[in-house]
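A short write-up of the structure that comes next.
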Amino acid sequence: QKEVEQNSGPLSVPEGAIASLNCTYSDRGSQSFFWYRQYSGKSPELIMFIYSNGDKEDGRFTAQLNKASQYVSLLIRDSQPSDSATYLCAVINFNKFYFGSGTKLNVKP
Amino acid sequence: GAGVSQSPSNKVTEKGKDVELRCDPISGHTALYWYRQSLGQGLEFLIYFQGNSAPDKSGLPSDRFSAERTGGSVSTLTIQRTQQEDSAVYLCASSLVSLRDRVGTFYGYTFGSGTRLTVV
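Sequences listed follow chains A and B, in order.
In terms of the numbering used here, the first sequence opens at residue 6 and continues consecutively.
In terms of the numbering used here, the second sequence opens at residue 133 and continues consecutively.
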């Protein structure tokens, strides 16, 4: 079983809609949770991190963490074509980052 | 420099040759990670350096892979006797402190632009 699982997509949403990206993780001891965005041919860049159960909002992005169910999600409100990218979920466990394989998001104008 | 610098950006090598990939982290960053990303795949952890501690090499896929970090700064990832399955983008990342030491406090974890390795 992989440490972090994500649906590979692609997830297609119309411009202005809410995009919902989900991630599950296997180790209950995982401490911190991150969302990275990776444009094609580029390196990942951090967009959100969350440590505590509940929601964390930053602009159009909201990260949600549910440790009991071992999932973390990312909501993107008012999606823009520029949000089209692969979104990688990552968790920290014993000082290592474990990355999911990413969900490809397409935002259609 | 302002970011994590990796060189070369592209490397084409013949099967069986050795290659060295270089990572120059952000100045002052004590933690340094190497990852590998194959086409369309997620990030595969390779090795982790933190300060003067012994590196965590648990992700290295075989004994053909090794890495050093000199003076707590620049790191070199060496792949000996390269194979075609080694073809991937090799990414380096650095952060200011070990996240274990400061759980709950995030000091930034920045990726370099990667080295695309092609073994022919």
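Even glycine gets a Cβ: it sits at the ideal position worked out from N, Cα and C.
Nearest-angstrom Cα separation, counted from Ala24 (chain A) out to Asn58 (chain A) = Approximately 21 Å, taken between the alpha carbons.
ask   = Does any CB atom of chain A fall closer than 9 Å to the CB of Ser245 (chain B)?
value = Taking Cβ atoms only, chain A reaches closer than 9 Å to Ser245 (chain B), which makes this a yes.
ask   = Going by beta carbon distance, what residues of the same chain come within less than 6 Å of Asp88 (chain A), once the five residues before and after it are set aside?
value = Only Ile81, Val112 meet the Cβ criterion.
ask   = What's the gap between the Cα of Glu20 (chain A) and the Cα of Leu110 (chain A)?
value = Within the model, the alpha-carbon separation for Glu20 (chain A) versus Leu110 (chain A) is close to 12 Å.
message = If we define contact as Cβ-Cβ less than 9 Å, is Gly236 (chain B) a contact residue for chain A?
response = Bear in mind that a pLDDT of 42 at Gly236 (chain B), under 50, signals an unreliable position, so the number given afterwards is only what the model happens to contain. Judged by the 9 Å Cβ criterion, Gly236 (chain B) is in contact with chain A.
request  = List the residues of chain A that Tyr241 (chain B) touches, going by C-beta distances under 7 Å, in chain order.
outcome  = Result: Leu51.
query = Phe104 (chain A) and Gly174 (chain B) look like a contact to me (Cβ under 8 Å); what is the Cβ gap, rounded to whole Å?
reply = Contact annotation, Phe104 (chain A) with Gly174 (chain B): C-beta distance approximately 5 Å; criterion of less than 8 Å satisfied.
ask   = Does the beta-carbon distance from Gln75 (chain A) to Ser45 (chain A) come in below 9 Å?
value = Ser45 (chain A) is positioned such that its CB atom lies no closer than 9 Å to that of Gln75 (chain A).
query = If you draw a straight line from the C-alpha of Gly203 (chain B) to the C-alpha of Gln43 (chain A), how long is it?
reply = Roughly 31 Å between the two C-alpha positions.
ask   = Quick one, which of A:Gln85, A:Tyr92, A:Val96 has its alpha-carbon nearest Pro114 (chain A)'s?
value = For the residues A:Gln85, A:Tyr92, A:Val96, the minimum Cα distance to Pro114 (chain A) belongs to A:Gln85.
Bridge partner(s) assigned by DSSP for Thr29 (chain A) = Note: Thr29 (chain A) sits in a beta bridge opposite A:Glu10, A:Tyr76.
ask   = Does the segment 146-153 of chain B come close enough to the segment 204-222 of chain B that 3 or more CB-CB pairs lie under 8 Å?
value = As far as the Cβ criterion goes, the segment 204-222 of chain B touches the segment 146-153 of chain B, which means the pair count is three or higher.
key: 3-residue-minimum beta strand (DSSP E) runs that sit fully inside the segment 36-80 of chain A, ordered along the chain   = Taking only runs of at least 3 residues, the beta strand (DSSP E) segments lying wholly in the segment 36-80 of chain A are 37-43, 50-55, 59-63, 66-71.
Minimum Cβ-Cβ distance from Val96 (chain A) to chain B less than 9 Å = No, because no Cβ of chain B sits closer than 9 Å to the Cβ of Val96 (chain A).
request  = Could you tell me the distance, in whole angstroms, from the CA atom of Gly14 (chain A) to the CA atom of Arg33 (chain A)?
outcome  = CA-CA distance, Gly14 (chain A) to Arg33 (chain A), rounds to 25 Å.
ask   = Does Val9 (chain A) come within less than 9 Å of chain B when only Cβ atoms are used?
value = By this cut-off, Val9 (chain A) is an interface position.
query = Is Leu171 (chain B) buried or exposed, if buried means 16 or more other CB atoms sit within 10 Å of its CB?
reply = In the assembly as shown, Leu171 (chain B) is an exposed residue. Its beta-carbon has fewer than 16 other beta-carbons within 10 Å.
query = Which one of B:Ile179, B:Trp166, B:Tyr180, B:Gly183 has the shortest CA to CA distance from Ser48 (chain A)?
reply = Nearest to Ser48 (chain A) by alpha-carbon distance, out of B:Ile179, B:Trp166, B:Tyr180, B:Gly183, is B:Trp166.
ask   = What number of angstroms, rounded off, separates the C-alpha of Asn12 (chain A) from the C-alpha of Cys28 (chain A)?
value = Counting only the Cα atoms, Cys28 (chain A) lies some 8 Å from Asn12 (chain A).
Assumed close pair Phe39 (chain A), Leu51 (chain A) - CB separation to whole angstroms, cut-off 8 Å = 6 Å between Cβ atoms; contact.
request  = Could you list which residues in chain B have their beta carbon closer than 7 Å to that of Gly64 (chain A), in chain order?
outcome  = Going along chain B, no residue has its Cβ under 7 Å from Gly64 (chain A), so there is no contact; the nearest lies around 17 Å.
message = Within 9 Å of any Cβ in chain B, is that where the Cβ of Lys47 (chain A) sits?
response = At a cut-off of 9 Å between beta carbons, Lys47 (chain A) contacts chain B.
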